[in-house]
Amino acid sequence: MHRFKDLEVWKKSRLFCSEIYSITSKFPETEKFGLTNQLRRAAVSIPSNIAEGSSRHSNKDFIRFLQMTLGSAYEIETQLLIAYDLKFINQKELDSLLKNLDSIIKMTSKFKSTLQ
């Protein structure tokens, strides 16, 4: 069992979640139940899956939750690109968010490989 609060990837993903909430607060009101909701739910699922997986008693179970974490990260990447296409975010915002997301993906992948 791992202490999720000590995991750097959990800390970083929690901060990333706050970034997503901040950026989506500027989206059009018509997207409240669309892209805004989708991005926020996917962002929340990243640190949540890490926390839930850390409570499992086997590495195999934890790996499964880390895989879900990666799935949410790639979902966010797609949604951010769509938000950019729709001009809800600019290039600078997109680049910054994708850089942070890429770091989370790499950290998660590396951590997952250490558990195998």
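In short: position in the sequence shown from 1, add 2, done, that's this note's numbering.
Here a beta-carbon is modelled for each residue, glycine too, at the ideal position from N, C-alpha and C.
Apart from the five residues just before and just after M70, which ones in its own chain have a Cβ nearer than 6 Å to its Cβ? Counting from 1 along the sequence shown, the entry for residue 70 is found at position 68. The answer, listed in chain order, is N51.
Does the separation of the CB atoms of N92 and F18 fall below 8 Å? Numbered from 1 along the sequence shown, position 90 holds the residue referred to as residue 92. Numbered from 1 along the sequence shown, position 16 holds the residue referred to as residue 18. No, Cβ-Cβ distance for N92 and F18 is not below 8 Å.
Roughly how far, in whole angstroms, is the beta-carbon of S20 from the beta-carbon of I48, given that I think they are within contact range, below 8 Å? Numbered from 1 along the sequence shown, position 18 holds the residue referred to as residue 20. Numbered from 1 along the sequence shown, position 46 holds the residue referred to as residue 48. Rounded, the Cβ-Cβ distance is 12 Å, inconsistent with contact.
According to DSSP, is P30 part of a helix, a strand, or is it coil? Locating residue 30 in the sequence shown gives position 28, counting from the first residue. In this structure, P30 counts as coil in the three-state DSSP scheme.
Which residue marks the beginning of the alpha helix (DSSP H) containing S105, and which one marks its end? Position 103 of the sequence shown, counting from 1, holds the residue named residue 105. First-last of the alpha helix (DSSP H) with S105: 93-117.
S56 by DSSP, collapsed to three states: which one? Mapped onto the sequence shown, residue 56 falls at position 54. Note: S56 maps to helix in three-state DSSP.
Helix, strand or coil, according to DSSP, for F67 in the structure here? In the sequence shown, the residue the question calls residue 67 occupies position 65. Three-state result, F67: helix.
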